[in-house]
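Undergrad: Under our numbering, the first residue of the sequence shown is numbered 1, with each subsequent residue one higher.
In this text, a Cβ means the ideal position worked out from N, Cα and C, and glycines have one as well.
It should be emphasised that the depicted structure is a prediction, and the values quoted were computed from it without experimental measurement.
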Amino acid sequence: MLNELAGKARAFPAGSSLPTTRDMHEIVSRLDNAPASGMDAEYHITVLPRFMMPKEPQASVSRMMPRGIDPHSRQPATNVLRSARWLAPQRPKRSFLYSKRSRVSADRCLVALGTSKGLTLLEMLVVVAVMAIIAGGIVLALGRVQDDATLQIARNELVTIKDAILRFKQDTGYLPKQGPFDLEPPNQCTTSNNGAVPIGSLPVPSKEWFCSPANFIQLYEQPQLNSSHPLAFLAQWNPDTRRGWRGPYLTRFGEGLVDIGNGLQPDGSGDPIGGTAALREMPGVADPFIALPIPSALDTVDGQLLDWRTVAGDPPHPKWGRPYLLFDLDDPAKARIVSMGPNKTYDSASITTCPEAGDDDLVLCLLK
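#1: Looking at the structure shown, is residue 360 part of a helix, part of a strand, or coil, going by DSSP?
#2: When the distance is taken between beta carbons, is residue 279 closer than 8 Å to residue 293?
#3: With burial defined as no fewer than 16 other Cβ atoms inside 10 Å of the residue's Cβ, what is the status of residue 284: buried or exposed?
#4: Going straight from the alpha carbon of residue 315 to that of residue 119, what length do you get?
#5: Quick one: residues in its chain with C-beta nearer than 6 Å to the C-beta of residue 203, no 5 flanking neighbours on either side, listed in chain order?
#6: To the nearest whole angstrom, what separates the beta carbons of residue 171 and residue 252, a pair I think is in contact under 8 Å?
#7: Give, in chain order, every unbroken run of the alpha helix (DSSP H) that is at least 4 residues long and sits entirely within the region 179-233.
#8: Please tell me whether residue 344 and residue 354 are closer than 8 Å, where the distance is taken between their beta carbons.
#9: If residue 219 sits next to residue 135, beta carbons under 8 Å apart, how far is it from one beta carbon to the other, in whole angstroms?
#10: Quick one, which of 312, 359, 287, 307 has its alpha-carbon nearest residue 325's?
#11: To which residues of the same chain is residue 332 closer than 7 Å at the C-beta, ignoring the five residues directly before and after it?
#12: Might you give, ordered along the chain, the residues of its own chain that have their beta carbon closer than 8 Å to the beta carbon of residue 261, omitting 5 neighbours on each side?
#13: Quick one: is residue 41 buried, meaning 16 or more other Cβ sit within 10 Å of its Cβ, or exposed?
#14: Taking its Cβ as the centre, do 16 or more other Cβ atoms sit within 10 Å of residue 257, making it buried, or is it exposed?
#15: With a CB to CB cut of under 7 Å and the five nearest residues on each side skipped, what residues in its chain are close to residue 187?
#16: Measuring CA to CA, which of 341, 347, 281 is closest to residue 155?
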């Protein structure tokens, strides 16, 4: 059969009436469909777009072989027929798919396509398990980063509060709630103080509210001192003597009023959610450890303690930080600021020297 087709190909010399590429396509199809036993030659042909066909009828075989024909065009195919040749009496061993950069074995391509398959159920489960482990590790890592960041914020805020208290002392000569800034006798927070703050100007229960370790009112608001007190002039700044209250030393932005139990004492003993009554709407400073309020029957208004509100009489925030606490302001060796720490629970107690603390509470000494 090949000899018959080859004879047909040679029957069209250059310049004669030429077969079209449709005729050539018929020849190629018959070659492709021929049985293996009838194949006595290797036939080489490639495909070329119509616009790339050579114009000269006598184009060489070497120029035609990398190009080929468009099997659906009416372009004369003389030179393509001349590119057909018989090299040896054997079946073609391999066909190649050509591209601009490389050639790929056709049978290898077919094998690759034929063996492609999806993942099994077991493989999918393994992939899902690995992805879950990776996702869990990322979540844990992010959680640790967030915890570390919150701790650093708390430490920075402790330093800010300390700076504010020391500026108060530099301007007035006293720490908050000490000397003339304590309550008038006999209601002082520290019995050795000769205070000048009238107790009648404070919420009830006045002494416990004023002396609470969570109360930062004198860092926010100008103290009211009894004018008959010899140090009453310290209630306001005097630019000539450069003495007196020159606040506010802290801003109210992001802070507010906290409710706390009267069980926590100025020396650090007791419990901020214990005692016999709630001390409501106390000007304080919240730490960054966000937590829910603690349900408590001591607060007969909201039924909870360690809750915050921005303005007196407003509903409390659903979540807020725990209050920073000031202890032992009358003793330079023990004066300190305390945060309840990441567990949001007060774990400290009265101490003999700063910086003793319990569990994860953060402590910063004021005068060391």
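TA: The short version:
#1: coil
#2: no
#3: buried
#4: 57 Å
#5: 209
#6: About 19 Å; that fails the 8 Å criterion.
#7: 206-211, 217-220
#8: no
#9: With 8 Å as the limit, residue 219 and residue 135 do not qualify as a contact, their Cβ atoms being about 45 Å apart.
#10: 287
#11: 367
#12: 271, 272, 273, 274, 275, 277, 278, 279, 296, 298, 305
#13: Confidence at residue 41 is low in this model, with a pLDDT of 39, below 50, so its placement is unreliable and the value that follows should be read with caution. So residue 41 ends up on the buried side.
#14: buried
#15: 199, 207
#16: 341
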